[in-house]
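Notes follow the structure.
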Amino acid sequence: MIQNIQSLRFLAAALVLLHHMYNPWVPEPLARMGFAGVDIFFVISGYIMAETTRSTEPGAGNALRFLFKRFSRIYSGWWPFFLVYLVLAYLSGGVEDRVSLPGSFFLVPQDLPQNLEGITWTLSFELYFYLLTGILLAFTRKWMPHCFAMAGVLLIALNVYHYGIGLYQPENAHIAKQNMWVPFYTSPLILEFIAGFLFAEWFARRREATVLPWVVTAGVSLAACYALQEHFGVEFAGFFKVSERVVLYGSFALSLIAIAVNLEKMGITPLRMVQKMGDASYSIYLSHPAIIAVMGHGFHHWGIAGKVSLELWMSLCAVLVVVFSVLNYRWVERPLYRLFLGLAGRRKPVG
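Each number in the numbering used here comes from the position in the sequence shown (counting from 1) with 2 added on.
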């Protein structure tokens, strides 16, 4: 595993945590931009898929093994938390009628309000890209970058068309979201996975490491995001600005991955403790809404308000999320994932 990528995984999870957690100590612009952690996760996924399949021989058998491993990684982490969120929902008055429990359990692409826990929409995208990669791997690995490049061009053209006819305008939301074609299957967010994959293929052929151009790109894209969000009121986190989000935050995320792998090629792998916490990034992502909800409830109903400042309480909440996630990764997530692989008789699966 690439060490600096693990640090970025922790950074991505931490950004999402800050985005969802109110804490006066965290600057509001940073908290509002924290959703960019998702974009970082998506680009990393594309990069890792390229790395893990590069030496894999194409064929139906290897493709199925690849898909089983990747799907097991997602489901083995999510299903315990599905039970947690189900219990929390019943304790809060019951599951809403619009929620699809089967769809939530299997992470089927569906409208956000249908999910038992809203953050799982990203996992559906992960599974979708894994499926596309697995289908291609059944036929070819050599031409996979070309296939993804062509798919990227088609996605860009299709989204330019969608943008041009106004499907990303709020007044046309009922048209765009009448099925999952626009918001999911042809979403611009798929381009972030593709960008990560293609960058990995390009980077694997480079001999020299360079950081400065990527630092400049990251700085410019982040500055543009900040300016548009804070001074022009552009809200990137929703559906209607997803194209702009992919261009700006996707560029920022890709630049961070480029900086990380170039530094590692130069022998620079700092922040070893952060790398270790990166192992727990999936647990951080899945657990933080539940822990925030419980801690928030506790602050107001356990007699804590007035005795402990909200700033300190939410800081303790953030620490609890990280500590819990590290323990969950070691004692639940990783053993359960290995159990999934063991059930398939594959202690050392391909990819």
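Ideal Cβ positions, reconstructed from N, Cα and C, are used throughout, including at glycine. A quick note: this is a predicted structure, and the numbers were derived from the prediction, not measured.
Can you round the beta-carbon distance between residue i and residue j to whole angstroms, since I take them to be within the 8 Å contact cut?
{"i": "Ile46", "j": "Leu10", "result": "6 Å"}
{"i": "Cys319", "j": "Ile286", "result": "That belief does not hold up - the Cβ atoms of Cys319 and Ile286 are roughly 12 Å apart, past 8 Å."}
{"i": "Pro144", "j": "Ala211", "result": "Correcting the residue type first, residue 144 is Lys in the shown sequence and not Pro. Lys144 to Ala211, Cβ: 26 Å. No contact."}
{"i": "Met316", "j": "Tyr24", "result": "6 Å"}
{"i": "Phe83", "j": "Ser327", "result": "Incorrect: roughly 11 Å between the Cβ atoms, too far for contact."}
{"i": "Val248", "j": "Leu191", "result": "6 Å"}
{"i": "Gly2", "j": "Ala197", "result": "Shown here, the chain extends from 3 to 353; a query on residue 2 therefore has no answer."}
{"i": "Trp80", "j": "Thr122", "result": "7 Å"}
{"i": "Thr124", "j": "Val184", "result": "Going by Cβ atoms, the distance from Thr124 to Val184 rounds to 17 Å, so no, they are not a contact pair."}
{"i": "Ser257", "j": "Trp216", "result": "5 Å"}
{"i": "Gln180", "j": "Phe242", "result": "Not really, about 16 Å apart at Cβ, beyond 8 Å."}
Residue range of the alpha helix (DSSP H) that residue i falls in?
{"i": "Lys267", "result": "Val244 to Lys267"}
{"i": "Gln277", "result": "Arg274 to Gly280"}
{"i": "Asp99", "result": "Premise fails: Asp99 is in no alpha helix (DSSP H) and is neither H nor E."}
{"i": "Phe141", "result": "Where Phe141 is concerned, there is no enclosing alpha helix (DSSP H), given that its DSSP letter is neither H nor E."}
{"i": "Trp204", "result": "Ile192 to Ala206"}
{"i": "Asp41", "result": "Ala38 to Thr55"}
{"i": "Gly221", "result": "Leu214 to His233"}
{"i": "Trp315", "result": "Leu312 to Asn330"}
{"i": "Ser9", "result": "Gln5 to His22"}
{"i": "Arg209", "result": "From DSSP, Arg209 is part of no alpha helix (DSSP H); its letter is neither H nor E."}
Just the Cα atoms here: how many angstroms apart are residue i and residue j?
{"i": "Thr135", "j": "Ser78", "result": "20 Å"}
{"i": "Leu20", "j": "Val28", "result": "8 Å"}
{"i": "Leu265", "j": "Phe199", "result": "19 Å"}
{"i": "Gly344", "j": "Leu69", "result": "15 Å"}
{"i": "Tyr228", "j": "Phe342", "result": "42 Å"}
{"i": "Glu237", "j": "Met35", "result": "10 Å"}
{"i": "Glu173", "j": "Gly63", "result": "47 Å"}
{"i": "Ala151", "j": "Ala140", "result": "18 Å"}
{"i": "Ile137", "j": "Lys71", "result": "14 Å"}
{"i": "Leu329", "j": "Leu85", "result": "18 Å"}
{"i": "Ser245", "j": "Lys309", "result": "46 Å"}
{"i": "Tyr163", "j": "Arg75", "result": "35 Å"}
{"i": "His22", "j": "Ala16", "result": "10 Å"}
{"i": "Ile270", "j": "Val263", "result": "9 Å"}
{"i": "Cys2", "j": "Ala225", "result": "With the chain represented from 3 up to 353, any question about residue 2 goes unanswered, as that position is not in the structure."}
{"i": "Thr142", "j": "Ala239", "result": "36 Å"}
{"i": "Val18", "j": "Val222", "result": "21 Å"}
{"i": "Gln231", "j": "Arg274", "result": "33 Å"}
{"i": "Val352", "j": "Arg67", "result": "In this predicted model, Val352 has a pLDDT of only 40, less than 50, meaning its place in the structure is not dependable; the value taken from the coordinates is given anyway. Approximately 7 Å, taken between the alpha carbons."}
{"i": "Phe107", "j": "Arg100", "result": "15 Å"}
{"i": "Phe73", "j": "Arg332", "result": "19 Å"}
{"i": "His299", "j": "Leu322", "result": "15 Å"}
With the cut-off set at 7 Å, would you say residue i and residue j are in Cβ contact?
{"i": "His120", "j": "Leu129", "result": "According to the sequence shown, residue 120 is Gly rather than His. No, the pair does not count as a contact, with Cβ atoms beyond the cut-off."}
{"i": "Phe12", "j": "Ser283", "result": "yes"}
{"i": "Pro26", "j": "Glu313", "result": "yes"}
{"i": "Ser126", "j": "Gln116", "result": "no"}
{"i": "Val213", "j": "Ile261", "result": "yes"}
{"i": "Leu169", "j": "Thr188", "result": "no"}
{"i": "Ala38", "j": "Tyr251", "result": "yes"}
{"i": "Gln112", "j": "Gly280", "result": "no"}
{"i": "Phe186", "j": "Ala220", "result": "no"}
{"i": "Ala307", "j": "Phe301", "result": "yes"}
{"i": "Leu118", "j": "Tyr165", "result": "no"}
{"i": "Ala1", "j": "Glu53", "result": "An answer regarding residue 1 cannot be provided, because it is not within the stretch 3 to 353 covered by the chain."}
Buried or exposed, going by whether 16 or more other CB atoms sit within 10 Å of the CB of residue i?
{"i": "Glu194", "result": "buried"}
{"i": "Trp204", "result": "exposed"}
{"i": "Asn6", "result": "buried"}
{"i": "Glu335", "result": "buried"}
{"i": "Leu133", "result": "exposed"}
{"i": "Arg207", "result": "exposed"}
{"i": "Ala14", "result": "buried"}
{"i": "Tyr339", "result": "buried"}
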